[in-house]
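Contents: one structure, followed by commentary.
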Amino acid sequence: MERDVLEEVFERIAEARIFRNRDILRPDYVPETLPHREEQIRRLGSILAQALKGTKPNNVFIYGLTGTGKTAVARYVLKRLSVKAGELGAPFTYAYVNCRQSDTAYRVLADIAESLGLRVPFTGLSTAEVYRRIIRFLKSRRIILTIVLDEVDFIEKGRGENLLYRLTRMNGELGGEAQVSIIGITNDVKFVESLEPRVKSSLGEEELVFPPYNALQLEDILRERAREAFYPGVLEEGVISYCAALAAREHGDARRALDLLRVAGEIAERESSEKVTINHVKHARIEIERDRVEEVVRSLPLHAKLVLAAMLRLGGHRTVATTGEVYNTYKALCRAVGVEEVTQRRVSDIINELDMLGIIQARVVSRGRYGKTRLIRLDASLDAVRRALGEDYRIAPALP
DNA sequence: CCTCCACCGGAACTTACGGAGT
DNA sequence: ACTCCGTAAGTTCCGGTGGAGG
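Here the working numbering is used: the first residue of the first sequence is 1, the next is one more, and so on.
The structure is reproduced here in structure tokens:
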């Protein structure tokens, strides 16, 4: 009699002695200590501490590349501050908004309302109505509110600026009955320059810069977390410095380093290995990228998938195609699967979107007599893209 | 130096849809 | 029931534009 497969898996994972607490390595975990960010913590803390005295803290602008601890520091300081405010009976709250997820004025306001405990539907109300409700709530409670706008540069252009402007002068409308301060976080330095002067000066009353971590600092961070996350002795010699080195190569991204370490641990656990090895980290790197690509491609709208399928049909990795070529094969593909094609203008936007997602690379070039176009190349793993596309029954039959 | 290709990319507008308030 | 709202995807219209070839 064959042994029960599932039983085997259960036992293997349950017996694995790798992770003591895996969640500590997750990107949204806010640790007790943030090594190498003491100065930023002190500065942000001293700015926001005004709230304890009942006055509005200055607005703050935070910049630094991804994974340099901006969000973690902001969250950490605000968490500690609200505890302290609670002890002192100061009327302080904060709202955290991720503008990548909530990239319209409506959703930003909805998130703020949500953090205040107001229930708002995710559609149906007008933006102005949500704004009004927030104002009314703040007035009734005489609160000092700090709004964190993480990844502000993702707010829609144009109308978004309007939102920022309104938020910065919310205090006028509150008439001193409540006060609002804003923390803007971004990794795009150019964004700040592109802001209207009045918004820029108001938002940037204080500025905080987060430099990238170097490899040694990343090691400190990893070591600190690994101590809690793993059982003692499961990390093979050099694993941490290897993760740190890989992440340091990518502009010192701590999130990346933590991801590598976590996934390496998960792989080790699956293999019921007793140790996490450098080899596991190497596999982790591949797996992370593959998962990312598959996830992104899977959740793409139909025509974006068809454009990708056209790229596959045009050839593998090294082939470059122009917008025109891609559009033509895309059209042929549409006919083959019986879908109405969209305009070239739309496909042009789709190409940009795919580029932004890092699935393809597209750069505009001018070829003189032969016009101006974009040269497009598949950037992600061909396998991963193919597999994810294959899951869509509508286009699977037309895949090469 | 000018032309003119093969597109780029901004802006305003549609359509279809799910949902709220009254 | 009726009107208003936001979002996502797409369309229509159209003014650019870098540089090879004349």
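Note that beta-carbon positions come from the ideal geometry of N, C-alpha and C, so glycine has one too. On a predicted model such as this, the values are computed, not experimentally measured, just so you know.
The alpha-carbon separation between T123 and R132 amounts to approximately 16 angstroms. Rounded to whole angstroms, the gap between the alpha carbons of E114 and P400 is 47 angstroms.
Within the model, the alpha-carbon separation for L222 versus V339 is close to 50 angstroms. At the C-beta level, T127 and E151 stay beyond 9 angstroms of one another.
Assignment of beta-bridge partners to S366 by DSSP yields K372. Residues L314 of the same chain have their beta carbon placed closer than 8 angstroms to that of E325, with the five preceding and five following residues left out of the count.
The three-state secondary structure of I185, taken from DSSP, is strand. Around I112, the same chain offers A95, V97, I134, I147 as residues with beta carbons nearer than 7 angstroms, after the five sequence neighbours per side are excluded. Taking the CA atoms as reference points, R169 sits about 16 angstroms from T55. Counting C-beta pairs with one atom in each stretch, the region 4-12 and the region 243-260 have fewer than three that are closer than 8 angstroms, which means they do not touch. Pairwise C-beta distances place the region 266-276 out of contact with the region 364-380, as fewer than three of them are shorter than 8 angstroms. Cβ contact annotation for G390 (same chain, cutoff 7 angstroms, sequence separation greater than five): A396, L399, in chain order.
Within its own chain, the residues whose Cβ lies closer than 8 angstroms to the Cβ of I359, once the five positions on either side in sequence are excluded, are V293, V296, V297, L308, L378, D379, A380, V385, listed in chain order. Within the region 1-75, the complete beta strand (DSSP E) runs of at least 3 residues fall at 60-64. Closest in C-alpha terms to R285, from the list V263, T68, S272, comes V263. With a 10 Å radius around the Cβ and a threshold of 16 neighbouring Cβ atoms, R345 comes out exposed. Linking V320 to Y393 through their CA atoms gives a straight-line distance of about 27 angstroms. Secondary-structure assignment with DSSP links Y96 through a beta bridge to V148. Shown here, T168 sits in a helix according to DSSP, grouped into three states. Counting C-beta pairs closer than 8 angstroms gives three or more between the region 213-230 and the region 239-251, which meets the contact rule.
Counting every other CB atom within 10 Å of its CB across the protein chains shown gives T71 a total of 16 or more, marking it as buried. Between the region 189-208 and the region 81-94 there are fewer than three C-beta pairs closer than 8 angstroms, too few to call the two in contact.
Looking at the backbone, the Cα of N59 and that of G86 are separated by about 22 angstroms. Only residues of its own chain outside the window of five on either side were considered, and among them V296 have a CB closer than 6 angstroms to the CB of L357, listed in chain order. Counting C-beta pairs with one atom in each stretch, the region 13-33 and the region 229-236 have three or more that are closer than 8 angstroms, which means they touch. Note: E206 is bridge-paired with V60 in the DSSP secondary-structure output. Judged by beta-carbon spacing, I62 lies within the 9 angstroms limit of A74, meaning their Cβ atoms are closer than that value. Residue state for A178 is assigned as coil, using DSSP reduced to three classes.
Looking at A105, K190, L195, the one whose alpha-carbon comes closest to that of I155 is A105.
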